[in-house]
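This report concerns only the one structure given below.
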């Protein structure tokens with residue numbers, strides 16, 4: 015009896031398997047795609063038909079006198095299949111006297127007597143050749159129009175090493191870029207006036223372009239650092255005395271940390287200064303005091319938008335200063351003690 019039951023169960027199991035197999039059998043077909051290749055897109059630009067771009071514009075910028083303009087124009091093309099966002103910056107690589115202003119037995123007579131005479135202090139010649147604060151700059155592109163207007167009186171030292179967005183070039187499209195360099199004169203007041211000290215002086219600089227796919231973070235990246243220095247308030251040259259500051263900030267959130275070395279045991283305020291004086295429209299970004307060695311740290315967030323519409327430098331960028339806490343009332347400058355301040359090395363934008 016038990017053997018018959020086991021045999022029956024065995025037969026039923028085989029039938030169940032057979033029925034199951036038939037139940038899950040369907041008409042079917044299998045296809046396979048082979049030889050697929052993932053190819054990264056390309057981003058490339060050409061300037062005046064040249065790729066790489068090696069043009070030099072020294073001839074167009076030579077023999078400039080106060081109140082005169084010199085221009086540079088070039089065309090950026092996008093020969094690729096993808097639209098690109100394009101930025102540009104100027105990088106000053108050095109300044110020099112340009113001519114022999116020292117009349118002595120080694121160098122011979124001064125090449126520029128007026129420059130030599132103006133540079134005499136207590137019968138000792140002191141050379142000046144820092145030109146960036148005395149050269150006004152404007153910028154136009156065929157896509158964005160006037161980006162930096164002449165009436166804004168933006169100086170080259172305001173934008174030195176600062177990436178400026180030029181616009182978006184569609185695939186196969188082009189953009190004309192026009193720049194003007196204007197040597198300041200008394201007519202450009204309150205901008206600094208160039209006098210005989212600058213005769214024959216030179217400023218060397220590079221022009222850099224950066225193109226990136228749409229939606230990228232741009233040439234600055236997610237984290238940026240703004241160098242800040244104390245400067246001579248007459249010439250705006252950096253004073254190399256170990257006094258400095260670094261503002262590191264998140265370009266997306268605005269969260270920042272400022273750290274540096276300043277006057278010991280002093281209360282300071284980090285501000286966004288909106289031109290013109292006294293800075294109406296700017297804002298305090300944070301306060302802090304230096305320790306006994308002069309070390310200082312301030313943290314906070316870059317708000318509001320920098321620059322605001324009322325800022326003379328809008329939309330190019332805004333100025334970040336570290337000032338004495340007593341010289342700022344939270345909305346405006348109430349005193350001017352520039353030898354105790356740190357100034358930005360170039361304008362910034364946020365966001």
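Residue numbers (this note's numbering): 15 to 365.
Ideal placement from N, C-alpha and C gives every residue a C-beta, glycine not left out.
A straight-line Cα-Cα distance of about 43 Å links residue 251 and residue 185.
Leaving aside the five residues that flank residue 110 on each side, the residues in its chain whose CB is nearer than 6 Å to its CB run, in chain order, 143 and 216.
Rounded to the nearest whole angstrom, the C-alpha separation of residue 353 and residue 161 is 32 Å. For residue 178 and residue 68, the gap between their C-alpha atoms comes out near 20 Å. For residue 130, the uninterrupted alpha helix (DSSP H) run begins and ends at 127-133, by DSSP. About 6 Å separates the CB atoms of residue 242 and residue 336; that is less than 8 Å, so the two are in contact.
Straight-line measurement puts the Cα of residue 332 at about 14 Å from the Cα of residue 265. Judged by beta-carbon spacing, residue 362 lies within the 8 Å limit of residue 320, meaning their Cβ atoms are closer than that value. Two segments are said to touch when three or more pairs of C-beta atoms, one from each, lie closer than 8 Å; by this definition the segment 133-150 touches the segment 191-198. Annotation: the continuous alpha helix (DSSP H) that includes residue 173 extends over 170-173.
Within the DSSP secondary-structure output, residue 271 pairs in a beta bridge with 262 and 313. A check of alpha carbon separations from residue 355 across 268, 192 and 287 identifies 287 as the nearest.
Taking C-alpha positions only, residue 139 is separated from residue 126 by approximately 13 Å. If you draw a straight line from the Cα of residue 169 to the Cα of residue 48, it comes to about 59 Å. Excluding five sequence positions before and after residue 258, the CB atoms of its chain that fall closer than 8 Å to its own CB belong to 241, 242, 243, 244, 274, 275 and 356, given in chain order. Between residue 280 and residue 260, the C-beta spacing is not below 8 Å. Spatial neighbours of residue 365 in its own chain (CB-CB distance under 6 Å, excluding positions within 5 residues in sequence) are not present. Counting only unbroken stretches of 3 or more residues, the beta strand (DSSP E) elements lying wholly within the segment 213-264 are 216-227, 237-243 and 258-264, in sequence order.
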